[in-house]
Amino acid sequence: MTAAAVPSGGTPGASAPTAPAAPALEVHGQGPDDSAYPVSAFAAEAVGEFALAVAELVGAPTATVDAALARAWFTEAVRLREPGPSPWNPLSTDYRAADGWVRLHMNAPAHRAAALGVLGLGDGDNAAGVAGTVTGPDRDAVAAAARTWRALDLEEAVIAAGGCAGALRSVGEWAAHPQGVATAAQPLVVSTPTRRAEVPWPTGTPDRPLAGVRVLDLTRVIAGPVATRALALLGADVLRVDPPDWDEPGVTHDTTLGKRCARLDAHDVERASTLAALLAEAHVLVHGLRPGALDSLGLDADTRRAIAPGLVEVQVSAYGPSGPWAERRGFDSVVQLVTGIADARTDLDPDATPHALPVQALDHATGWFAAASAVRGIARARETGEGSAHHLTLARTALELQRRKDARGTSPTPGAAATTPPVAPATPAVSAPPMTSAAAAPELPTHPMQSPLGTVDVLAAPFAVDGVRAEALTPPRPLGSDPADWHATDADTGRRRREARVIRVPRRRVPVWAALSGLGVWALQGVPLTVGAAIIGEPVPDPGWWTSPIWAAGAAAQALALWLTWLALSRVTSIVGVLAATLPIGMLAHFAAATAVALATGAAAPPALEAGFTLLALHWASGAALVASSLPIALMLTPLGAGSSGLGRSTAPRYARRGRRSR
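Just so you know, we're using this note's numbering here: the sequence shown kicks off at 120 and counts up by one.
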């Protein structure tokens, strides 16, 4: 066994707190050399970056990495004793187009439907899930349809339809592509400081440095889950939240190690409020959702930082945060093609089938780099109270791997055809190999763990830091196995009665609520007087509820005031507080506008104050004021707003603003 000492340089682009002396990294052993790319060395480097971040956090002088274990964790850390389902849909593979190759990613039903729709093979509704048997088009039908397209045209058409695809490019072509240029110009980790926390961070324990740290995991498939799994090894309370219909057969046993797993339909207003409350109590947020997904739920960046000051946020994407593809979907197998890593073409074989890396190295490396960024963000937050946001991409990780290959001297000149093809994976038809079975795995240290999935064998941690116990204590489990709540802490017990509560209403719904409130007030404010007059048999007076511009202007002004006041106050107080402020302000705007129009049209005489009081008296005496004050509340109690139970939960104990509690 050999050991190599590597000085700590820190994740590029990430900020680390000042330390008395940078820890050193020792790498022991080596992994398999089964690729033209230095995958095993890159695995050790990525795990090592995380280990160094942990050593910096606890003040240890040295961190060590077992290279063979690091590479094994890049395949799977949790091994089933019985064969599990494949992580790949049968249609997810590389297809020969009219002028090249294109990868169609069809694991997710929506992506499969988009690709099949573009190819004229239906909407994919009859195609099975990730690991099922396809009852719709088979691979031959998809291949025949793909051959009628130019590779770049098919790539763009599938992307435009909401799917995920990537055409094969050479390393040189990608380097010259606008997104390749943008990717090369950014650091491996793009980090920015954010708001300071209002209360101290949990300090952990000497052997479990992330004990008490709450990590909200909104990630999918591999890269993000790898990051949160690494944090769980250090004792973090990791809560993964998935939508009701999401599943990841073939990888769940590996990616849920150390976590609890809940489900929420965040498009339901009440469940979105639950998600916001979880975020308000989180210390770390790791997400890899499609671009704009959190914004559409009312949790844009400003809102996230307002309800969770001091939050350490880590985002993983395919190509962002800059460049023309910043918002494009992508997965490891797709990014390998577009960046040239899978390009196996040579002068002798200019149309060679793309060759995948032996493991999904981009996903796994990005995950470990992301975990290192989170740990360094936690260290800074503990020291200064300052939050931080970190963005990592698969494409930028691919560039790091390409540079390691270039340094090893096996890379072609950019733009030239390769002369040494990569080693082909065991299943070249699919541009990402299946998980390694326990039977075929090398002899590495494992320990058995009882789980809802049966007895599994968990690999030993691939790194070690003096005094730190790196172990996941929560067994892997199916998605949705746990309630959407945090583990209770000692600090939770004494704070229940004094906390303000958070119920979030998605921002896009607020103008709709305000507009409907104004329209309803205009349409209904004459009803009480009309009904009252009918009951007592008197003629109905005509104050012009529906015909006079006075009351129309008042209702419109009230709607505008409701909207603006909600936007101004919703980030600093609870929903009850916002309603308490918006209703009187809305009523004031109503009478101010009505008075102004009455004076302008000659329906009322100066002075304005006297005219306003006259209109106010008419409004209250007729019962119209009751409509104007109660209708916005009634609409907020519907699913359009917070929902009746959502409003009631504004005093429920578990919905606490993190900034107003002791962590």
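In this text, a Cβ means the ideal position worked out from N, Cα and C, and glycines have one as well. These figures come from a predicted structure and were not determined experimentally.
With distance defined between alpha-carbon atoms, name the residue in G255, A395, L735 nearest to G236. Reading the sequence shown from its first residue, position 117 is the one you call residue 236. Answer by Cα proximity: G255.
Which residues in the same chain have their Cβ closer than 7 Å to the Cβ of A747, if we skip the five residues on either side of it in sequence? Position 628 of the sequence shown, counted from the start, is the residue given in the question as residue 747. Residues of the same chain with a CB within less than 7 Å of the CB of A747, apart from the 5 flanking positions on each side, are V640, Q644, Q677, M706, H709 in chain order.
Between L511, Y156, L353, V197, which lies nearest to V584 when the distance is taken from Cα to Cα? For the purposes of this step, residue 584 is taken as residue 465 along the sequence shown, with counting starting at 1. If you compare the alpha carbons of L511, Y156, L353, V197 with that of V584, the shortest gap goes to L353.
What does the alpha-carbon distance come out to for the pair R588 and P469? On the sequence shown, position 469 is the one that residue 588 refers to. On the sequence shown, position 350 is the one that residue 469 refers to. In this structure, the alpha-carbon of R588 lies about 51 Å from that of P469.
How is T512 classed by DSSP in three states: helix, strand or coil? Here residue 512 is taken as the residue at index 393 of the sequence shown, counted from 1. In this structure, DSSP gives T512 an extended state, which the three-state scheme calls strand.
Note down, in chain order, each residue of its chain lying with its Cβ closer than 6 Å to the Cβ of R190, except the 5 sequence neighbours on either side. In the sequence shown, the residue the question calls residue 190 occupies position 71. Correct list, in chain order: G150, S159, A162.
For A461 and P473, which I take to be in contact (beta-carbon distance under 8 Å), what is that distance rounded to the nearest angstrom? Here residue 461 refers to the residue found at position 342 when the sequence shown is read from its first residue. Here residue 473 refers to the residue found at position 354 when the sequence shown is read from its first residue. Here A461 really is in contact with P473; their C-beta atoms are around 4 Å apart, less than 8 Å.
Considering S289, what are the terminal residues of the beta strand (DSSP E) in which it resides? Taking the sequence shown and counting its residues from 1, the one referred to as residue 289 is at position 170. Unbroken run through S289: none, as it is neither H nor E.
Using the beta-carbon count (16 or more within 10 Å), is A551 buried or exposed? Counting from 1 along the sequence shown, the entry for residue 551 is found at position 432. Summary for A551: the model assigns pLDDT 41, below 50, so the residue's position carries little reliability, and this model does not support an answer.
Among residues of its own chain, excluding the 5 on either side of A491, which ones have a beta-carbon nearer than 6 Å to its beta-carbon? Position 372 of the sequence shown, counted from the start, is the residue given in the question as residue 491. If we look at A491 and ignore the five residues flanking it on each side, its Cβ neighbours are T130, E168, F169, A172.
Classify V184 as helix, strand or coil using the three-state DSSP reduction. As a working note, residue 184 is residue 65 in the sequence shown. For V184, the three-state secondary structure derived from DSSP is strand.
I654 classed as buried or exposed, judged by whether at least 16 other C-beta atoms fall within 10 angstroms: Position 535 of the sequence shown, counting from 1, holds the residue named residue 654. The residue in question, I654, is exposed, as its Cβ has fewer than 16 Cβ neighbours within 10 Å.
Taking all protein chains shown into account, do 16 or more other C-beta atoms lie within 10 angstroms of the C-beta of D185, making it buried, or fewer, making it exposed? Residue mapping note: residue 185 aligns to position 66 of the sequence shown, counting from 1. When all chains shown are included, D185 counts as buried.
Out of A743, L635, A508, which has the shortest C-alpha to C-alpha gap to P312? On the sequence shown, position 193 is the one that residue 312 refers to. Of the residues A743, L635, A508, the one whose Cα lies closest to the Cα of P312 is A508.
Mind checking whether V405 and T338 have CB atoms under 8 Å apart? For this step, residue 405 is matched to residue 286 along the sequence shown. For this step, residue 338 is matched to residue 219 along the sequence shown. Cβ atoms of V405 and T338: closer than 8 Å.
Answer with buried or exposed for T393, where buried requires no fewer than 16 other C-beta atoms within 10 angstroms of its C-beta. Reading the sequence shown from its first residue, position 274 is the one you call residue 393. It is buried - the Cβ of T393 has at least 16 other Cβ atoms within 10 Å.
Can you give me the Cβ contacts of G496 inside the same chain, cut-off strictly under 6 Å, excluding the 5 residues immediately before and after it? For the purposes of this step, residue 496 is taken as the residue at position 377 of the sequence shown. These residues qualify, in order along the chain: V431, S507.
A276 versus W293, S310, A295, R222, residue with shortest Cα-Cα distance: Residue 276 sits at position 157 when you count from the first residue of the sequence shown. Of W293, S310, A295, R222, the residue nearest in Cα terms is R222.
Apart from the five residues on each side of it in sequence, which residues of its chain come closer than 8 Å, Cβ to Cβ, to L376? Looking up residue 376 in the sequence shown gives position 257. Contacts found: A196, V197, R348, A351, V577, A591, T593, P594, P595.
Please report the distance separating the alpha-carbon of L307 from that of A165. Here residue 307 corresponds to residue number 188 of the sequence shown, with the count starting at 1. Here residue 165 corresponds to residue number 46 of the sequence shown, with the count starting at 1. Their backbone Cα atoms lie some 12 Å apart in a straight line.
Should V454 and A514 be called a contact, given that it needs their Cβ atoms to be closer than 8 Å? Here residue 454 corresponds to residue number 335 of the sequence shown, with the count starting at 1. Here residue 514 corresponds to residue number 395 of the sequence shown, with the count starting at 1. In this structure, V454 places its C-beta atom within 8 Å of the C-beta atom of A514.
Look at G369 and P206 and say whether their C-beta atoms are less than 8 Å apart. Here residue 369 refers to the residue found at position 250 when the sequence shown is read from its first residue. Here residue 206 refers to the residue found at position 87 when the sequence shown is read from its first residue. When the beta-carbon positions are compared, G369 and P206 come within less than 8 Å of each other.
Drop a sphere of 10 angstroms on the beta-carbon of F732, count the other beta-carbons inside from all chains shown, and report buried for 16 or more, exposed for fewer. The sequence position of residue 732 within the sequence shown is 613, counting from 1. So F732 ends up on the exposed side.
How is the beta strand (DSSP E) around Q434 delimited, first residue to last? Stepping through the sequence shown from its first residue, residue 434 is reached at position 315. Residues 431 to 436.
Quick check on the burial criterion: 16 or more other C-beta atoms within 10 angstroms. Buried or exposed for Q510? Residue mapping note: residue 510 aligns to position 391 of the sequence shown, counting from 1. Per the sequence shown, residue 510 should be read as His rather than Gln. H510 comes out buried.
Are the CB atoms of P344 and T324 within a distance shorter than 8 Å? Stepping through the sequence shown from its first residue, residue 324 is reached at position 205. Stepping through the sequence shown from its first residue, residue 344 is reached at position 225. Remark: C-beta atoms of T324 and P344 do not approach each other more closely than 8 Å.
Taking C-beta to C-beta, are G599 and A385 nearer than 8 Å? Position 480 of the sequence shown, counted from the start, is the residue given in the question as residue 599. Position 266 of the sequence shown, counted from the start, is the residue given in the question as residue 385. No, they are not a contact pair.
Three-way DSSP call (helix, strand, coil) for P630 in this model: In the sequence shown, the residue the question calls residue 630 occupies position 511. In the structure shown, the three-state DSSP call for P630 is helix.
V334 to W268 span [Cα, whole Å]: Taking the sequence shown and counting its residues from 1, one reaches residue 334 at position 215. Taking the sequence shown and counting its residues from 1, one reaches residue 268 at position 149. The alpha-carbon atoms of V334 and W268 are separated by roughly 44 Å.
How big is the Cα-Cα spacing for A140 and A526? Numbered from its first residue, the sequence shown carries residue 140 at position 21. Numbered from its first residue, the sequence shown carries residue 526 at position 407. Inter-residue distance for A140 and A526 is about 28 Å (C-alpha atoms, whole angstroms).
Proximity below 8 Å, CB of R359 to CB of K378: As a working mapping, residue 359 is identified with position 240 in the sequence shown. As a working mapping, residue 378 is identified with position 259 in the sequence shown. Here R359 is near K378, since their CB atoms are less than 8 Å apart.
Tell me the residue span of the alpha helix (DSSP H) that contains P325. Residue numbering aside, residue 325 sits at position 206 when the sequence shown is read from its first letter. Run containing P325: none; DSSP gives neither H nor E here.
Taking all protein chains shown into account, decide if V650 is buried (16 or more other Cβ within 10 angstroms of its Cβ) or exposed. As a first step, residue 650 is located in the sequence shown; it is residue number 531 there, counting from the start. Exposed, because fewer than 16 other Cβ atoms sit within 10 Å of the Cβ of V650.
So what's G377 in DSSP terms, helix, strand or just coil? Residue 377 sits at position 258 when you count from the first residue of the sequence shown. Coil.
Within its chain, find whatever has a CB closer than 6 Å to the CB of L176; leave out the 5 residues flanking it on each side and keep chain order. The sequence position of residue 176 within the sequence shown is 57, counting from 1. Excluding positions up to five away in sequence, the list reads P328, V494, A498.
Whole-angstrom Cβ separation of A744 and V716, contact assumed at under 8 Å? Working through the sequence shown from its first residue, we reach residue 744 at position 625. Working through the sequence shown from its first residue, we reach residue 716 at position 597. The pair is not a contact, with the Cβ atoms about 18 Å apart (cut-off 8 Å).
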